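Engineer: Please read through the structure below; I'll follow up with questions.
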Amino acid sequence: MTSIAIHRLFLLIVTVTAFTVSALAQDIQKLDPALEQLVGPDSKLERIATGFNKWTEGPVWTHEGTLLFAEIPANNIDLWIPGTGASVFMHPSGYTGAEPFKGPEPGSNGMTLDPDGRVTVAGHARRNVWRMESLDPKAQITILADSYQGKKFNSPNDLVYKSD
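In the working numbering, the protein residues as written are 39 to 202.
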């Protein structure tokens, strides 16, 4: 990952977290000088989108240069395109049952890219880990795991792939 990509990812994580804060900070407070290697001294936070249903999580940059993130309460995966803005990419992204979901978080959660660049999703409300076979909201979904030692997952939250 290049330093620019790391910088963008850091700003995104901070920015997405800041959606729930009423007054967006204008400066980044650096508690460790090592942060200078990732974020330049003149970096500023930038709000890239607004209007979400409570909060967002699980951001991942795609190889196409777009950003996917989970809008959990709305049961969406949203897509942000630089210069265009944010829109709903996939709905529903989590719970798909006929009965109303019993809880505040019906959507998916954390996302990452697998070694082949496919989006892999922590299926919070689906209680599984799944993968989109292409970057298309109607793509085939492959369930990668839904239990461990015979017990159904509770609510997967975040994901990471080991480099090898």
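Here a beta-carbon is modelled for each residue, glycine too, at the ideal position from N, C-alpha and C.
Remember, predicted model here, so these are calculated numbers, not experimental data.
1. State the start and end residues of the unbroken beta strand (DSSP E) segment that holds L106.
2. Report the three-state DSSP secondary structure of E143 (helix, strand or coil).
3. Which word fits P97, buried or exposed, when buried means at least 16 other C-beta atoms lie within 10 angstroms of its C-beta?
4. Pull up the distance between the alpha-carbon of K200 and that of L151, whole angstroms please.
5. Suppose contacts are defined by Cβ-Cβ distances below 8 Å. Is G161 in contact with G188 by that definition?
6. According to DSSP, what are the bridge partners of D184?
7. Compare the beta carbon distance of E143 and A163 with 8 Å and say whether it is the shorter of the two.
8. Taking all protein chains shown into account, do 16 or more other C-beta atoms lie within 10 angstroms of the C-beta of V198, making it buried, or fewer, making it exposed?
9. Using the beta-carbon count (16 or more within 10 Å), is D196 buried or exposed?
10. Could you check what DSSP says for L76 in three-state terms: helix, strand or coil?
11. What are the residues that DSSP puts in a beta bridge with A124?
12. Can you grab the Cα-Cα spacing for the pair A136 / N113, in whole Å?
13. Out of H129, P153, P175, A72, which one is the CA nearest neighbour of G145?
14. On the CB-based measure, 16 or more other CB atoms within 10 Å of its CB, does G148 come out buried or exposed?
15. Assign P79 to buried or exposed, taking buried as 16 or more other Cβ atoms, counted over all protein chains shown, within 10 Å of its Cβ.
16. Using the rule of at least 16 other Cβ atoms within 10 Å of the residue's Cβ for burial, across every protein chain shown, is D116 buried or exposed?
17. Figure out for me which residue from R165, F191, P120 has the closest Cα to the Cα of E84.
Structural biologist: Considering the structure as presented:
1. 105 to 109
2. coil
3. buried
4. 11 Å
5. no
6. Note: D184 sits in no beta bridge, so no partner.
7. yes
8. exposed
9. exposed
10. coil
11. W118
12. 14 Å
13. H129
14. buried
15. exposed
16. buried
17. P120
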